[in-house]
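*Asks:* I am attaching a structure below and will ask some questions about it afterwards.
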Ligand code: SF4
Ligand code: SF4
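Residue numbers (this note's numbering): 26 to 153.
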């Protein structure tokens, strides 16, 4: 039984974004979209607190999220998106993991915190 299995609901792509991108990620995504870095930054990102974040798009979803097909940059999406729900806080603390279950229906309620932590060590999830 898997401790996490993405349901493709898109909930983690919704809301005022905390999806920041490091420089190498910005370059990779720009290239994937066939854009010069500067054009990519103007069109798809915003700067907050000195960091570059994915812009929020329609209905407050991440600008890269498409309702029918999910993440439009799946193969090059930022590390933060690849990691969820195995964020360090979620695997370090049982209460944070409990809270994460409310936000992500892909986290299996029938599995234990220990199962989740164990699975995180071999994660390579194929979500969205
Ligand atoms: S990771 Fe969780 S919240 Fe995000 S799409 Fe998958 S099931 Fe939904
Ligand atoms: S980059 Fe993709 S996976 Fe990450 S929040 Fe945006 S749509 Fe979701």
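From the three backbone atoms N, C-alpha and C, an ideal C-beta is built for every residue, glycine too. Quick caveat: nothing in here was measured; it's all calculated off a predicted structure.
1) Can you give the beta carbon distance from residue 29 to residue 95, rounded, assuming they're within the 8 Å contact cut?
2) Please indicate yes or no: does the CB of residue 84 lie closer than 7 Å to some heavy atom of ligand 1?
3) For a quick check, are the C-beta atoms of residue 38 and residue 86 less than 8 Å apart?
4) Are residue 126 and residue 119 close, meaning C-beta to C-beta below 8 Å?
5) Could you tell me whether any non-hydrogen atom of ligand 2 is closer than 7 Å to the CB of residue 104?
6) With a CB to CB cut of under 7 Å and the five nearest residues on each side skipped, what residues in its chain are close to residue 44?
7) Return yes when the C-beta of residue 33 is under 7 Å from any heavy atom of ligand 1, and no when it is not.
8) At a threshold of 7 Å, does residue 136 count as lining ligand 1 (C-beta to nearest heavy atom)?
9) Locate the alpha helix (DSSP H) running through residue 76, then write down its first and last residues.
10) Does DSSP classify residue 121 as helix, strand or coil?
11) How is residue 130 classed by DSSP in three states: helix, strand or coil?
*Replies:* Taking the definition as stated:
1) Your numbering for residue 29 matches position 4 in the chain shown. Your numbering for residue 95 matches position 70 in the chain shown. With a Cβ gap of about 16 Å, residue 29 and residue 95 do not count as contacting.
2) As a working note, residue 84 is residue 59 in the chain shown. False, no ligand heavy atom lies under 7 Å from that Cβ.
3) For the purposes of this step, residue 38 is taken as residue 13 along the chain shown, with counting starting at 1. For the purposes of this step, residue 86 is taken as residue 61 along the chain shown, with counting starting at 1. Yes. Within cutoff.
4) Taking the chain shown and counting its residues from 1, the one referred to as residue 126 is at position 101. Taking the chain shown and counting its residues from 1, the one referred to as residue 119 is at position 94. Cβ distance not < 8 Å, so residue 126 and residue 119 don't count as in contact.
5) Locating residue 104 in the chain shown gives position 79, where the first residue counts as 1. No, ligand 2 has no heavy atom inside 7 Å of this Cβ.
6) To locate residue 44, count along the chain shown from 1; it is residue 19. Around residue 44: 78, 79, 87, 103, 105 and 106.
7) As a position in the chain shown, residue 33 is number 8, starting the count at 1. It does: the Cβ of residue 33 is within 7 Å (strictly closer) of some heavy atom of ligand 1.
8) As a first step, residue 136 must be located in the chain shown, where it is residue number 111. Not so, every heavy atom of ligand 1 lies at least 7 Å from the Cβ.
9) Within the chain shown, the letter at position 51 stands for residue 76. Careful: residue 76 lies outside any alpha helix (DSSP H), inside the beta strand (DSSP E) at 76 to 79.
10) The residue labelled residue 121 in the question sits at position 96 within the chain shown. Looking at residue 121 - three-state DSSP - the assignment turns out to be helix.
11) In the chain shown, residue 130 corresponds to position 105, counting from 1. Correct three-state label for residue 130: coil.
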